[in-house]
Each structure stands twice: as C-alpha cells, then as structure tokens.
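Undergrad: When the letters of the sequence shown are read in order and numbered with our numbering, they come out as residues 23 to 194. Every residue, glycine too, gets a C-beta built ideally from N, C-alpha and C. Since this is a predicted model, take the numbers as computed values, not measurements. Dropping the structure in here first, questions after.
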Amino acid sequence: MGKSSGLAVLALLIGIGGLGLGAYSFFIFSGQIADVEDQFAERAIVDMRYAEYLEDYTPSAIDVNESIITINFHVNAGEQVYFLFITRAIIYSYSLESFMRFTFSIDGVILDKPYVIAGGRNIDEWWLYFPVALQYSTPGLSEGSHSVSAMVLSSYSSNFVRQSTFLVQTYV
23 MGKSSGLAVL ALLIGIGGLG LGAYSFFIFS GQIADVEDQF AERAIVDMRY AEYLEDYTPS
83 AIDVNESIIT INFHVNAGEQ VYFLFITRAI IYSYSLESFM RFTFSIDGVI LDKPYVIAGG
143 RNIDEWWLYF PVALQYSTPG LSEGSHSVSA MVLSSYSSNF VRQSTFLVQT YV
C-alpha cells in the first residue's frame, strides 16, 4: 500500500509539473506564435502548374544546356513565383571528371544561380546515382505570360536523368 501511494504522489507531481510548463509556455511564447501566424496569413498560393517526365532522359549533346521540362505560366501584379525541380541523375564515371549541371531558364534566359552539380572527379564506381532538388523563388517577374525550363548540361554522353518532376507556383 505504501508503494502505490508513493507512485500516485510521483505521478501527481509529474502531472502538475507538466501543467505548469504548459502554462508557462502559453504565457511566454503566445505573442511570438501570434506574430508568426500573422506573417504567414497574408501568403496564399494563387496558381500551381506541375509537369513530369518519368522516363529516362539522355541529353543529346555534351557541354550544352538542354531543356528537360518546360512549363508555361502567368504572373499577375504583385505575385511572386516559386520553382521546384526534382530528378535523379545517373552519372557514368568513364573519364576523370563526369558531372551534370542543373539550372533554370526563364523566358529563354539561362540563370547563373541557382544551380546544382551532380557528379565529381576520380570516382571509383562505374555508375553513380544522385538525387537532385533545385528550387528558386523570385518576386522580379513582370506581369504576363512566362515560360520556365529545367535545364541540364552533361559532361559525358552516357549520363542521364530519371523520374523528373517540376512544380511552378505563383503566390502573394
């Protein structure tokens, strides 16, 4: 009987401590939580475009930027645009250096940044698999219709990509 009443008192103390910690957090952090909620309450997705190319894609030329997927979209006044490209790069390490470079092209202009490079130098394996995720957000596009492409530049003709997806969102 003494053990069970001791456990009950211990459980009661732990419960009271948890209640006190919850009340403390509520009063101390409620202003900060409200500020974060207000910051994101104004943001809303206006339009979303999605494309995928699930087959293997091998660039036809070496050291030349090629489009993998293109999406056409429209921007209204005051909107920003978010791009997300995801794929898997398969690199054949035949030479000293084998890589693939990914970036975006907006309205025919290839961006210098952001970019992702998959591959490397002095690789011991024959085939390497790299997950690739490239994202970009810009408030600087003018109102109207636009086109964006996910671009790849390959250093070797046997390199290829597999299961590519592309998302474009406009938001305020």
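#1: For Leu41, which of helix, strand or coil comes out of DSSP?
#2: Start and end of the beta strand (DSSP E) containing Leu189?
#3: Can you tell me which of the three DSSP states Ile84 falls into?
#4: Look up Ser115 in the DSSP assignment and say whether it is helix, strand or coil.
#5: Can you tell me the Cβ-Cβ gap for Tyr104 and Ser159, rounded? I've got them flagged as a contact below 8 Å.
#6: Quick check: what's the CA-CA separation for Ala111 versus Trp149?
#7: Rounded to whole angstroms, what's the CA-CA distance from Gly37 to Val31? Just pull it up for me.
#8: Mind checking who Asn94 pairs with in its DSSP beta bridge?
#9: Report the three-state DSSP secondary structure of Ser179 (helix, strand or coil).
TA: Here's the rundown:
#1: Helix at Leu41.
#2: Counting along the chain, Leu189 sits inside the beta strand (DSSP E) bounded by residues Phe182 to Tyr193.
#3: Here Ile84 carries a coil assignment [DSSP, helix/strand/coil].
#4: DSSP places Ser115 in coil when its eight states are reduced to three.
#5: Contact holds; Cβ gap of about 5 Å.
#6: Linking Ala111 to Trp149 through their CA atoms gives a straight-line distance of about 10 Å.
#7: One C-alpha to the other measures close to 10 Å.
#8: Per DSSP, the beta bridge partners of Asn94 are Ser169.
#9: Here Ser179 sits in coil by DSSP.
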